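43 is the number that full-length UniProt numbering gives to position 43 of the sequence shown; each next residue is one higher, with no gaps. Worksheet: one structure, shown below.
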Amino acid sequence: MKASSFFKKLTFLFIGLLMAFATSAQPSAAKSGFARVEYILSQLPETRQIESTLQSLQKQLENQIQAKNEELKKKYADFIKVGPTAPEAVRNNTQRELQQLQENLEILQQDAQTTLEKKQTQLIEPVYAKIGKTIEEVAKENGFQLIFSDQTGGGRMLLYGDPILDISDLVLKKMGVAKAPGNGTGN
């Protein structure tokens, strides 16, 4: 009987050890945090430089559009003055010319918008890449396995995040940018 009691104790001890090993072998929850990319972007000096460049380009494009618009207005005013007395062939020719100027103005406006959008993308993509690389570095340095963005595709991906998990200010610090007073609540 003593042998069976010994085996029972040994079996319980073995099961207990198995359970202890199984519990310790399970992966612990991944350390996660989040970053407010738009906040980080708003704090970077590059952003202000990009905004300035885009405003300058926008002003140039607006001036071009304004010049074409003034040309169209002048030709239209001239047409109104002489239109009723001009021969029909001249009126028809002037109307076609005015229509062509209007179409050219619309194309210029569309091209200006496209040019502005392309320039914005060209300037901002390297900054987003730099932010992404720095987020990755900060995450690795601080033992995070998962970092979420508080926004994605114009909508919020993160519905709630404890401010202690916000690494945005750590990212700014790593990038050598001091956060503006009163901004952010992160680390």
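Ideal placement from N, C-alpha and C gives every residue a C-beta, glycine not left out. From a predicted model like this one, the values you see are computed outputs, not experimental measurements.
Note the first and the last residue of the continuous beta strand (DSSP E) segment covering residue i.
i	result
F148	L146 to S149
Check the DSSP bridge columns for residue i and list the partner residues they point to.
i	result
F34	F148 and D166
Does chain E have any CB closer than 8 Å to the CB of residue i?
i	result
P45	Protein chains in the displayed structure number just one, and chain E is not present.
Do you know offhand how far residue i's Cα is from residue j's?
i	j	result
A139	Q122	27 Å
P163	E141	19 Å
A25	G33	In this prediction, A25 has a pLDDT of 46, which is less than 50 and means its spatial position is unreliable; what the coordinates show is noted afterwards. Spanning the two alpha carbons is a distance of roughly 24 Å.
I167	K31	12 Å
F148	A35	6 Å
Q110	G83	30 Å
L57	L116	7 Å
F21	G143	Model confidence at F21 stands at a pLDDT of 49, short of 50, so the residue's coordinates are unreliable; what they give is reported in the following sentence. Spanning the two alpha carbons is a distance of roughly 24 Å.
A112	N92	30 Å
E103	P87	24 Å
N69	K81	18 Å
T47	N63	24 Å
Give every residue of the same chain whose Cβ lies closer than 7 Å to the Cβ of residue i, excluding the five residues on either side of it in the sequence, and list them in chain order.
i	result
K173	none
P146	As written in the sequence, residue 146 is Leu, which differs from the Pro given in the question. The residues are A30 and S32.
residue 200	The requested residue 200 does not occur in the structure, where the chain is confined to residues 1 to 187.
I40	I131, S168, V171 and L172
Give me, in chain order, the residues of the same chain whose beta-carbon lies closer than 8 Å to that of residue i; leave out the 5 immediate sequence neighbours on both sides.
i	result
P45	V177
I50	Q120, L123, I124 and V127
L54	L116, K119, Q120 and L123
Which residues bound the alpha helix (DSSP H) around residue i?
i	result
T85	Run containing T85: none; DSSP gives neither H nor E here.
Throw me the rounded Cβ distance for the residue i and residue j pair, which I believe falls under 8 Å.
i	j	result
L72	L105	6 Å
For residue i, which residues of its own chain have a beta-carbon under 6 Å away from its beta-carbon, when the five flanking residues on both sides are left out?
i	result
M175	T134
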